[in-house]
Structure formats: C-alpha cells, structure tokens
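Numbering (this note's numbering), first residue to last: 1 to 544. Here a beta-carbon is modelled for each residue, glycine too, at the ideal position from N, C-alpha and C.
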C-alpha cells in the first residue's frame with residue numbers, strides 16, 4: 001500500500017506522538033532526543049517484568065473458569081440465580097461489573113462479560129442466562145452490526161463451556177469458585193511482589209512501595225473473603241452539601257401505596273422506589289392472617305404501579321397466585337374467591353367472573369403505571385436460596401421494588417451454626433443485606449411465640465427466636481384477634497393490627513396521599529380491621 005504526502009505526514013506525526021508517549025523519545029527545546037540511559041534501562045526492566053507476569057498468567061490452567069461459566073450456561077432454563085451466586089461469592093454489588101482481571105483466558109473474560117451484561121440488564125431484550133440465549137443475542141447484535149467478531153468461534157466457545165460443566169453439581173461449582181478466588185488472590189500477590197521488587201531496584205520512595213503492597217494485599221484478602229467491592233470512601237459535610245441540596249430540590253418520586261391503610265400510615269404512604277432497601281415485618285401466630293395481609297399488600301402495590309415478587313416456602317405458586325388474583329378480582333368487581341381459583345371444591349367449570357377477571361387483568365397490564373406480580377414457591381428454600389431468587393428476579397426485572405417472603409420461620413436452616421437462634425440472626429442479617437444490595441424493600445412474614453397469646457397486646461419481644469428482625473425493621477405490624485368478653489361470639493374476620501414499630505413516624509394516609517396539610521404526625525397504636533379471607537381483602541373504619 002502506497003501513501004501520498006499528506007497520508008505519510010499524518011502517519012509520521014502519529015508515530016512520533018506514540019514514541020514520545022512511550023518515553024522512547026524526549027521532546028526538548030533543542031528538538032527530539034533519546035532519554036537518559038538509566039531511563040531506557042528502567043523501561044526495559046519494566047517491560048521484562050510485564051512479560052514475566054503475562055507469561056505466568058498464560059501458564060495458569062483454567063478449569064475453574066470453565067466450570068463456573070459452564071455451570072451458568074448449561075441447560076435451557078434461566079441460570080441467573082447461578083450467576084447471582086457467583087457474584088455474591090466474590091462480594092459484588094448488583095451494579096458492579098465482574099472484573100475482567102478474574103479470568104486468565106481472554107475468551108473466558110469475553111463470555112463472562114456477555115453473561116454479566118445480561119444479568120445487569122445491559123443487553124436490551126435478552127433477559128435469560130443460558131448458552132442458547134447468549135448465542136441468539138450475540139447473533140442479533142452481529143446482524144445489527146453492534147459488535148464485531150466470529151459467530152462460529154463464539155458459538156463453539158459456549159458449547160465447549162457447557163460440555164465442561166455437564167454432569168457437575170452445585171458442590172463442584174462452589175469448589176471451583178473457591179479455587180478461582182484463591183488462584184486470583186495468589187496471582188495478585190505474585191504481581192504485587194514482582195512490582196515491589198522492581199520499584200525497590202529503581203530506588204523509588206519506600207512509602208510508595210509499601211502503600212502499593214498494602215493495597216494489593218488488601219484487595220487479595222477482600223477477594224478471598226468475598227468482599228470484592230470498590231474502595232471504601234467516607235463522607236464529610238463538605239463532601240455532601242451539594243448532594244443534599246440536589247436531594248431536597250429534586251422532583252419527588254411517587255410513593256406507591258400498599259392499598260392497606262394500616263401499613264401505609266407507618267410507611268409514609270407506601271414504598272418509595274427512590275429510597276429502597278427497607279425491611280418490614282408482618283408477625284402473627286399461625287392462622288391469624290400474616291400471609292393474607294402480605295398477599296393483600298403485595299397485590300395492592302402491584303395495582304398501584306410497583307413490581308413485586310412474592311416468595312413462599314409454605315404455599316405453592318398456585319396458592320399464592322390464586323390469593324393474589326382473588327384480591328384483584330375483589331377490587332375490580334369481578335369477584336372470584338381464592339379457593340375457586342385454586343381448583344378446590346367440587347366445581348368442574350370456569351365461572352364467567354374468572355374470564356372477566358382475566359380480561360380485566362390483561363387490559364390493566366397494558367396501562368401505564370401498572371406493576372407486575374411475580375410468585376415463587378419453594379418448600380425447601382433457605383435464606384441463601386431466597387437471596388438467589390431475589391438476585392435473579394432483580395436481574396430479569398431491574399424495576400423490581402418490593403419482595404415478600406412467606407415466611408421467615410419456616411425456611412430451611414442454613415448450615416454451620418451451633419444453635420437455631422444464631423442461625424436465625426444470620427438469616428435476618430443476610431436477607432437484609434440482599435435487600436439493600438438489590439435495592440428492594442423486603443416484607444418478611446414472621447411467627448410470634450406462645451407468650452404473645454397471653455400478653456395483653458403482642459410486642460416486638462414476641463417475635464419468635466431472634467431480636468434482630470425487630471432491630472433491623474423500619475416498620476413492624478403484629479396481628480392478633482381482638483380480646484372479647486366471655487359469651488361474646490368469636491369472629492375470625494375481625495383483627496387488630498398492632499403498630500409495634502414505625503421508625504419514621506405515622507402520617508394519616510388515604511389513597512397514597514398525605515392528608516395532613518400541615519404535615520402533622522398522628523399516633524395510632526392499634527388499627528381494627530375486617531378481613532374477607534376468601535379475597536385477602538382488608539378494610540377498617542377509615543376506608544371509603
């Protein structure tokens with residue numbers, strides 16, 4: 001290829017700029033000169049060290065990488081939960097990308113980047129994580145000229161990774177993650193030691209050398225311990241004044257009502273997707289109504305625009321969905337009891353009200369400002385599995401803002417704890433951390449102990465097994481049947497909702513709006529409600 005004079009001049013200028021930037025030429029008043037010999041020797045030493053490090057990295061085998069990536073790709077179902085477990089194991093927040101430096105093989109780094117982009121909602125319409133979904137998404141972006149590369153090579157690499165993980169189980173995956181963290185940490189330390197030796201030979205300040213060594217060691221330790229986050233920073237009034245002014249003057253997002261006044265008054269009107277990460281507790285003895293209240297609040301949030309996940313290790317997905325749709329049908333005037341939707345009883349036909357419900361739901365879902373109601377039933381789930389579900393749901397729907405867990409005390413126990421109280425404390429802390437990391441509000445249903453029946457009114461001390469739930473909670477509601485006089489008929493449809501904790505105070509709320517023009521707080525210890533259990537629907541004296 002020949003160059004004309006203009007092209008040659010541009011090429012020459014670019015080459016000179018690159019040479020100066022690399023330190024191979026020095027620009028002085030007298031023109032371009034070679035650098036001092038000592039600088040050249042130092043640069044050569046530096047390049048030799050870089051080649052040694054690159055060679056050491058190439059010599060490492062990568063079976064752990066194949067297992068981790070293959071485990072996140074194999075099969076036809078969504079593997080978001082598996083990728084969430086990997087990210088959680090290395091200690092990343094949902095918004096943080098998986099560092100490319102973890103992968104010794106450039107091809108593995110590329111595949112990991114694709115998986116992570118899908119997980120964090122960066123790949124448009126691609127929501128599932130598995131080999132077929134990644135290949136289909138890559139092909140579409142190639143066709144749209146959004147990416148360059150070989151489709152055949154990408155497909156072959158995905159297939160090879162899936163084959164490497166065939167027949168392996170969760171234990172193999174966990175071991176591979178631990179080995180990968182250990183290998184990467186060792187590599188970080190080796191690189192730090194070599195870099196320190198080079199800087200010592202170059203007679204650089206000792207403070208600089210020690211600081212780099214401490215920083216590298218800390219990063220390696222954080223990786224091994226599963227805390228691979230960005231560097232910690234601390235704030236002062238000076239650093240936050242501008243941010244606080246922006247928060248105060250910013251347009252306030254709409255608070256989303258649960259549709260249950262007794263809950264809304266303790267939540268300042270409902271959940272606020274712009275201020276997520278809260279933990280709320282609904283507690284009661286068995287068969288009083290904590291799940292019923294949870295379903296009512298979950299569907300109420302959905303109908304008012306929130307995206308909701310309801311996970312139960314007590315009810316099946318059909319039972320949860322039936323109760324949620326029964327609540328919806330009550331509010332839409334096409335009332336179908338939950339037991340009919342579940343298929344219980346002798347009825348063998350679909351009532352016309354159900355078809356009306358179905359059409360109404362389809363129409364409402366098309367409207368702006370309507371949310372989603374997603375359910376998951378798993379009788380064997382422990383807190384870690386619950387966390388994986390939340391991570392996966394957040395990855396599939398980044399707008400997810402509320403998660404209901406039914407219920408805390410019926411989950412399977414996590415391993416490694418000497419007694420149940422310590423395990424429940426760890427369970428609560430873990431779920432709270434997941435909620436914070438995924439930026440969702442948690443509503444946790446919890447069991448009250450036997451003393452709650454004997455007390456005049458249930459309190460925080462009656463939450464079974466652990467004080468941590470109450471300590472972490474923003475709001476706590478405890479349900480009980482009203483005390484009644486002897487010879488007075490008992491009604492299971494009358495309940496007292498005790499406002500056991502409300503961290504931010506109470507305000508009178510109606511339809512998601514603050515009714516107090518002056519912004520005054522109210523004080524309400526107990527709310528008397530009526531519940532229609534067939535429809536999971538609550539009313540009290542303040543409801544219209």
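*Can you grab the Cα-Cα spacing for the pair residue 480 / residue 166, in whole Å?*
The residue labelled residue 480 in the question sits at position 480 within the chain shown. The residue labelled residue 166 in the question sits at position 166 within the chain shown. Each residue's Cα considered, the two are about 52 Å apart.
*asked:* Taking the straight line between their C-alpha atoms, what separation do you get for residue 432 and residue 279?
replied: One-based indexing of the chain shown puts residue 432 at position 432. One-based indexing of the chain shown puts residue 279 at position 279. Whole-angstrom Cα-Cα distance: 7 Å.
*Which residues share a DSSP beta bridge with residue 377?*
Locating residue 377 in the chain shown gives position 377, where the first residue counts as 1. BP columns for residue 377 point to 312.
_For residue 507 and residue 434, what's the separation of their Cα atoms in angstroms?_
Your numbering for residue 507 matches position 507 in the chain shown. Your numbering for residue 434 matches position 434 in the chain shown. Their backbone Cα atoms lie some 29 Å apart in a straight line.
*Identify which residue in 459, 64, 272, 398 has its Cα closest to the Cα of residue 526.*
Reading the chain shown from its first residue, position 526 is the one you call residue 526. The shortest Cα separation from residue 526 among 459, 64, 272, 398 belongs to 459.
_Let's test the definition: count the other Cβ atoms within 10 Å of the Cβ of residue 538 and tell me whether it reaches 16, buried, or not, exposed._
Here the question's residue 538 lines up with position 538 in the chain shown. So residue 538 counts as buried.
_Measuring straight from C-alpha to C-alpha, what distance separates residue 324 and residue 281?_
Position 324 of the chain shown, counted from the start, is the residue given in the question as residue 324. Position 281 of the chain shown, counted from the start, is the residue given in the question as residue 281. For residue 324 and residue 281, the distance between alpha carbons rounds to 19 Å.
*Would a C-beta distance cut-off of 8 Å place residue 468 and residue 425 closer than the cut-off?*
Taking the chain shown and counting its residues from 1, the one referred to as residue 468 is at position 468. Taking the chain shown and counting its residues from 1, the one referred to as residue 425 is at position 425. Taking 8 Å as the Cβ cut-off, residue 468 and residue 425 qualify as a contacting pair.
*If you follow the alpha helix (DSSP H) that residue 279 is part of, which residue opens it and which one closes it?*
Taking the chain shown and counting its residues from 1, one reaches residue 279 at position 279. That residue, residue 279, is in no alpha helix (DSSP H); its beta strand (DSSP E) goes 279 to 284.
*Excluding the 5 residues preceding and the 5 following residue 70 in the sequence, name in chain order all residues of the same chain whose CB lies nearer than 6 Å to its CB.*
Translated into positions along the chain shown, residue 70 becomes position 70. Around residue 70: 161, 162, 164, 165.
*Report the partner residues of residue 530 according to the DSSP bridge assignment.*
On the chain shown, residue 530 is found 530 positions in, with the first residue counted as 1. 494, 539.
*Could you tell me if residue 579 is buried or exposed, where buried requires 16 or more neighbouring beta carbons within 10 angstroms of its beta carbon?*
Residue 579 is absent from the structure shown; the chain starts at 1 and stops at 544.
*asked:* Here's the rule I'm using: 16 or more other beta-carbon atoms within 10 Å means buried, otherwise exposed. How should residue 423 be labelled?
replied: On the chain shown, position 423 is the one that residue 423 refers to. Buried, because 16 or more other Cβ atoms sit within 10 Å of the Cβ of residue 423.
*Once you ignore the five residues that flank residue 545 on each side, which residues in its own chain have a CB closer than 6 Å to its CB?*
The question about residue 545 has no answer, for the chain in this structure spans 1 to 544.
*Apart from the five residues on each side of it in sequence, which residues of its chain come closer than 6 Å, Cβ to Cβ, to residue 142?*
Reading the chain shown from its first residue, position 142 is the one you call residue 142. Counting only Cβ-Cβ distances below 6 Å, and skipping sequence neighbours, we find 151.
*Take the Cβ of residue 350 as the centre, count every other Cβ of all protein chains shown within 10 Å, and call the residue buried at 16 or more, exposed below.*
One-based indexing of the chain shown puts residue 350 at position 350. It counts as exposed.
*Starting from the Cα of residue 77, find the closest Cα among 196, 133, 448 and give me that residue.*
As a first step, residue 77 must be located in the chain shown, where it is residue number 77. Ranking the options by Cα distance to residue 77, first place goes to 133.
*Should residue 320 go down as buried or exposed, given a rule of 16 or more other Cβ atoms within 10 Å for buried?*
Taking the chain shown and counting its residues from 1, one reaches residue 320 at position 320. So residue 320 counts as buried.
*When we look at the beta-carbon of residue 528 and count the other beta-carbons within 10 Å, is it buried (16 or more) or exposed?*
On the chain shown, residue 528 is found 528 positions in, with the first residue counted as 1. Answer is exposed; the Cβ neighbour count stays below 16.
*Would you verify that the beta carbon of residue 486 is, or is not, closer than 8 Å to some beta carbon of chain C?*
Looking at the structure shown, chain C is missing, and only one protein chain is on hand.
*With a cut-off of 8 Å, do at least 3 Cβ pairs link the segment 306 to 317 to the segment 381 to 401?*
yes
*Does DSSP put residue 122 in a helix, in a strand, or in coil?*
Residue mapping note: residue 122 aligns to position 122 of the chain shown, counting from 1. Residue state, collapsed to three classes: coil.
*Separation of residue 105 from residue 195, as counted between CA atoms*: By 1-based counting over the chain shown, the position of residue 195 is 195. By 1-based counting over the chain shown, the position of residue 105 is 105. Spanning the two alpha carbons is a distance of roughly 22 Å.
*asked:* Using only the alpha-carbon positions, how far apart do residue 545 and residue 222 sit?
replied: Outside the shown range of the chain (1 to 544) lies residue 545, about which nothing can therefore be said.
_Own chain residues within Cβ distance below 7 Å of residue 428, not counting five before or after_ = Residue 428 sits at position 428 when you count from the first residue of the chain shown. These residues qualify, in order along the chain: 466, 468, 469, 472.
*How about residue 292 and residue 476: are their beta carbons less than 8 Å apart?*
Residue 292 sits at position 292 when you count from the first residue of the chain shown. Residue 476 sits at position 476 when you count from the first residue of the chain shown. Cβ atoms of residue 292 and residue 476: not closer than 8 Å.
*Roughly how many whole angstroms lie between the Cα atoms of residue 189 and residue 87?*
Translated into positions along the chain shown, residue 189 becomes position 189. Translated into positions along the chain shown, residue 87 becomes position 87. Using only the alpha carbons, I get a separation of about 22 Å.
*asked:* With a threshold of 8 Å, are at least 3 pairs of Cβ atoms found where one atom belongs to the segment 377 to 395 and the other to the segment 408 to 417?
replied: yes
*For residue 128, which three-state DSSP category applies?*
Within the chain shown, the letter at position 128 stands for residue 128. In the structure shown, residue 128 sits in coil (DSSP, three-state: anything other than H, G, I, E or B).
*Return the residue from the list 364, 244, 343, 66 that minimises the CA-CA distance to residue 299.*
Looking up residue 299 in the chain shown gives position 299. Nearest C-alpha to residue 299: 364.
*Around the C-beta of residue 203, are 16 or more other C-beta atoms found within 10 angstroms, so that it is buried, or is it exposed?*
Here residue 203 refers to the residue found at position 203 when the chain shown is read from its first residue. Exposed.
*Output yes or no for whether 8 Å exceeds the beta carbon distance between residue 390 and residue 438.*
Here residue 390 is taken as the residue at index 390 of the chain shown, counted from 1. Here residue 438 is taken as the residue at index 438 of the chain shown, counted from 1. Yes, these two residues count as a Cβ contact at 8 Å.
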